[in-house]
Every structure is written in C-alpha cells, then in structure tokens.
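Student: In the working numbering, the protein residues as written are 1463 to 1960. Yeah, the Cβ is synthetic: ideal placement off N, Cα and C, and Gly gets one too. What follows is a single structure, and I will ask about it in a moment.
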C-alpha cells in the first residue's frame, strides 16, 4: 500500500520510463501532473527495455510507467494469436490482476509499430505496403531494425512469418540511430513508431500494414495495483497522435530538454491543438539554443553522476578483489583446480552486460545499485584472479623453500613472503579491473543506478552526439585518472629500498 500511502505521508511515487524519447517525455508529464497536485514524484529515466521495467514493477522499485497495450499483451502477458487481439482496458486488467498490476489512464493516442523506407527507395522498388517487400529483388532491402523489435513476439519473427518476407533482419541498430543510418544510406528499412517525429522530416514512407499484423498500441500507464490513479485522471485522453508527434519533435528536432517539453505541454490548456501547445510551451519556458558540449560537460548533474560512477567502480573492484585474490591463491595452490577456476571467471566475463543485469534483477528482485554492483563485480574477477595466479606462480621456488626452512607455516609464508613478492602483479590486475569497470559502469544507467551512462542513454534516445559525449568524455577521463593513480602506486611498489 506504499503508493496509496504516498499522498498521506509524502513518500514519492516512483515513475519509470524506457530509453526512447516518447517514454522520457511521458514520464516527465506524469511526474509534473502529480507534482501539480502536491504529490511528490521521482522519475527514474531510461530504465532499459520492457523486461527490466516489468521486473522493477514486480519488485516495487517503480510504481508506474508509460506503456502500450500491444506491448502489455504480447511482451508482458505473452499472449499470441487470437488470444491476444486488441482487448479492452477491463479485459487487460483482468489478465494483469494476478500479477499485482493494472493498466489505467488511457492517454489518448495509438503509437503502433510500422515499417518505414525512404520515399525515393520505395518508389524505385515499387513498395507501398509491407506485403510488397516479399517480391523485391534479393539484396535490395537493407534492414536496420531495433534490438527490441528483432526479438519481440509482436516484432520481426512473427512479422516475417505473417508476410513471408525472404530476407533476414541483419544486425540490430539502436532506434535512436536508425534515422541517421537511413539518411547516410547505410540502411533503407527501419521499424518506426507512428508518432516518431522524424518520419515526415526525413522523407520516409510508412508502409501500409495490409494484413493488419500490428495490434493497437494505445498509450496507458501500467502500474502496481496499490497505486491510486485518481491523481492522474487529468491526463485521460489528453494527448492525441498529432500532439505526441509534436512533443517528440520538440525534443528530437528542436533540442529541448524532456522536462521543458513536459512543462510546455502541461502549461497548455487541455484540448489545445499541437501548434498552440507548442507556443504555450515556448511562452512558459523560452527555448534556448541547445547547450554546447562544454556546458553539458559541466552541467549541474556532473558531481552527482561522478559520485555514483566512482562508488559503483570502486565498490565493485574492492568486492571483486576480496573474492578474486583468494581464488587466485587457490588456483596456485591447487594446480588441478587452476584451469577450472580461470575458465569459470573467463566465461563470466563473456556474458553480455544487459543480459547479466536482467538476470540479476530477476534474482535480487530489485533494480538500481545492487544489480549494477554485482554485474561489475563479475566483470572485475578475471583480471584479478589471473594476475594473482600469475604473480604467485612467478615467485621463485627457492624463496618459498627458504621460508619453510626458517620455520614459517604455509599461511605465514604466503602472507610474509609469497604475496608481497606477487603484489605488483596483483595490483596490475586490480588496475585492469578498475579501468575496465569505469567504462562498463555506464550500462548501470539502464537499471537506474546512475553514473555517466545517464547522459549517454539520454543522448541515444534523441541521437544527440553532444549529450552522449558529455557522458563518454568524463568516463574516458576518469579511466585515465584511475590508470595514472595505479601506475604511480605500482612504481612505488617496485622501488627497491637502498
């Protein structure tokens, strides 16, 4: 009942959003609506994909987030074929109730999936509808489909079967980069959302879904059963397709921050046309030119993101060292186990970061710091275990025998002779783990753990290279600083006393 109690005890309602423009904007609109009625709200932005947000709802880390009915039916409820259809909100809630969830506050627009192709290419190939793709010459279609669309039940696999399409999906492409890839001529077929702002501006033709494959994707708020949606009723059917497209354009084309776009929308009277809403937003918060890279680098969130990033990196490396050094010692002491130990930590190093995060969220039942910490801990194990084993193996056998001859027990010899001699090599492994984790920690933003990845993910959502660089540059500089500090420490270790 935490969310119901929120209005009484001041506990914030936590709103989540996925990592694309529309979801960011809707999350800000929801938080702005709650705040206008005195309800504290926290917006956890860019939390990866549907699976991560589903886990976040189940764990109570997020109270609600903007979702689409077609996604709920197929990606969350796993209903297919006739069992899926286009259910009413009442039917949807009947299916969601056993999961402790409900869909409420229909926002008023249908953001369905679509396939889009440059107008000139579509004319040359004679493609006006999706079924036309089945007869184009081999190699003429160069897809650039998004990661989620390629694996979704209502995405590429089923679409290919339904239309008998003869070509493969090819390499996946982040949705935020797809339009520029089309413009550069690298791909000529992308999946799009019907409210994407760049469809018209970039001269794309939306292919008719002539076999009615795509269901309706009506925008709603998916929330825990304990959330009282009455505070959000002012948003019911307030946003139509034209309005949502205009809001997306303000962020993607005009370069406005998501929060500013939301404020402009909320400042406009309900029912105002898209153009009027945009002008209301301009009067409420005059649009400034997009900030340059220098200003974005030193934006007010820099210190917060730096603290989060440092905490993730050094906590994960410290935890990894506490586990990996004993494992390296074990591998050295027990040569028969060495291959197995190194093989296991090596395999863990190859697990994709987002897959590992998804598994950890399911196991821990939470998002945020802890899944990110444990994922980074896993990635830090291999260099420390390998270097501990290598450093101890390089200790001359004569010195170990001399320590025994002096009466030292095995643990005393390890602590007083062998580990000190191996320490420079071990520190090199810790340095490698720390530098690797500075870069890897940027994925923590996908699960709401903060760090420089927040800027990178937000930049990807609107294909803003300056925003991405504002996250990537501090991460690169931090990696250099960390390496420099470890290098100085290593030099001190290697100095031989006079």
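#1: Once you ignore the five residues that flank residue 1790 on each side, which residues in its own chain have a CB closer than 6 Å to its CB?
#2: Using the Cβ count rule (16 or more neighbours within 10 Å means buried), how would you classify residue 1739?
#3: Please classify residue 1949: is it buried, with 16 or more other beta-carbons within 10 angstroms of its beta-carbon, or exposed?
#4: Rounding to the nearest angstrom, what Cα-Cα distance links residue 1581 and residue 1588 in this structure?
#5: On the three-state DSSP scale, how would you describe residue 1741?
#6: Please check if any C-beta of chain B sits within less than 8 Å of the C-beta of residue 1707.
#7: Do residue 1646 and residue 1668 count as a contact pair if the criterion is CB distance below 8 Å?
#8: Go through the stretch 1775-1840 residue by residue and report every complete run of the alpha helix (DSSP H) that reaches 4 residues or more, in order.
#9: Can you list the beta strand (DSSP E) stretches of 3 or more residues lying completely in the stretch 1507-1542, in chain order?
#10: Fully enclosed by the stretch 1610-1680, which alpha helix (DSSP H) runs are 4 residues long or longer?
#11: Let's test the definition: count the other Cβ atoms within 10 Å of the Cβ of residue 1542 and tell me whether it reaches 16, buried, or not, exposed.
#12: Is DSSP giving residue 1478 helix, strand or coil here?
#13: Out of 1890, 1562 and 1530, which has the shortest C-alpha to C-alpha gap to residue 1549?
#14: Does DSSP put residue 1686 in a helix, in a strand, or in coil?
#15: Would you mind sorting residue 1887 into buried or exposed? The rule is 16 or more other CB atoms within 10 Å of its CB.
#16: Using 8 Å for Cβ pairs, my map puts residue 1905 next to residue 1815. What's the rounded Cβ distance?
#17: Going by DSSP, which residues form a beta bridge with residue 1505?
#18: Locate the alpha helix (DSSP H) running through residue 1718, then write down its first and last residues.
#19: What are the start and end residues of the alpha helix (DSSP H) that includes residue 1882?
#20: By a C-beta neighbour count over all protein chains shown, 10 Å radius and 16 as the cutoff for buried, is residue 1623 buried or exposed?
#21: In the DSSP output, what is residue 1591 paired with across the bridge?
#22: Can you tell me the Cβ-Cβ gap for residue 1517 and residue 1829, rounded? I've got them flagged as a contact below 8 Å.
#23: If I'm right that residue 1625 touches residue 1600 with Cβ under 8 Å, what's the distance once you round it to whole angstroms?
#24: Would you grab the beta carbon distance between residue 1941 and residue 1879 for me? Rounded to a whole angstrom, and I think it's under 8 Å.
#25: Could you check the C-alpha separation between residue 1610 and residue 1511 for me, to the nearest Å?
#26: By the DSSP assignment, the beta strand (DSSP E) with residue 1578 in it spans what residues?
#27: What do you get for residue 1891, buried or exposed, if any count of 16 or more other CB atoms within 10 angstroms of its CB means buried?
#28: Given a cut-off of 8 Å, decide if residue 1771 and residue 1903 are closer than it, judged by their beta-carbon atoms.
#29: Shortest alpha-carbon distance to residue 1614 belongs to which of 1547, 1716, 1676 and 1555?
#30: Judging by CA-CA distance, which residue of 1782, 1502, 1537 and 1497 is the nearest neighbour of residue 1514?
#31: With a 10 Å radius around its C-beta and 16 neighbouring C-beta atoms as the bar for buried, classify residue 1672 as buried or exposed.
#32: Per DSSP, which one or two residues make a beta bridge with residue 1936?
#33: Out of 1786, 1535, 1813 and 1820, state which residue places its alpha-carbon closest to the alpha-carbon of residue 1804.
#34: Residue 1908 and residue 1526 - do their beta-carbons sit closer together than 8 Å?
#35: Counting C-beta neighbours from all protein chains within 10 Å, is the total for residue 1876 16 or more, i.e. buried, or is it exposed?
Tutor: Checking against the coordinates, here is how it stands:
#1: Contacts found: 1847, 1850 and 1851.
#2: Confidence is the limiting factor: at residue 1739 the pLDDT is only 48, short of 50, which leaves the residue's position unreliable, though a coordinate-based value still follows. Residue 1739 comes out buried.
#3: exposed
#4: 10 Å
#5: Low confidence applies to residue 1741: its pLDDT is 49, below 50, so where it sits in the model is not reliable enough to give any reading.
#6: The structure shown contains no chain B; it holds only a single protein chain.
#7: no
#8: Entirely contained in the stretch 1775-1840, the alpha helix (DSSP H) runs reaching 4 residues are, in chain order, 1797-1811 and 1815-1826.
#9: Those beta strand (DSSP E) runs which fall completely within the stretch 1507-1542 and span 3+ residues are 1526-1530.
#10: 1618-1625, 1637-1645 and 1660-1663
#11: exposed
#12: strand
#13: 1530
#14: Residue 1686 falls in the strand class under three-state DSSP.
#15: Counting Cβ neighbours within 10 Å, residue 1887 comes out buried, since at least 16 surround it.
#16: 5 Å
#17: 1477
#18: Counting along the chain, residue 1718 falls outside any alpha helix (DSSP H), and DSSP gives it neither H nor E.
#19: 1881-1902 is the extent of the alpha helix (DSSP H) around residue 1882.
#20: That one is exposed.
#21: DSSP output for residue 1591 lists 1670 as bridge partner(s).
#22: 7 Å
#23: Not quite, the Cβ-Cβ distance comes to about 16 Å (not below 8 Å), so this is no contact.
#24: Going by Cβ atoms, the distance from residue 1941 to residue 1879 rounds to 34 Å, so no, they are not a contact pair.
#25: 8 Å
#26: 1575-1580
#27: Under this definition residue 1891 is a buried residue.
#28: yes
#29: 1676
#30: 1537
#31: Around the beta carbon of residue 1672, a 10 Å sphere encloses fewer than 16 other beta carbons of the protein chains shown; the residue is thus reported as exposed.
#32: DSSP, once it has assigned bridges, lists no residue as partnering residue 1936.
#33: 1786
#34: no
#35: buried
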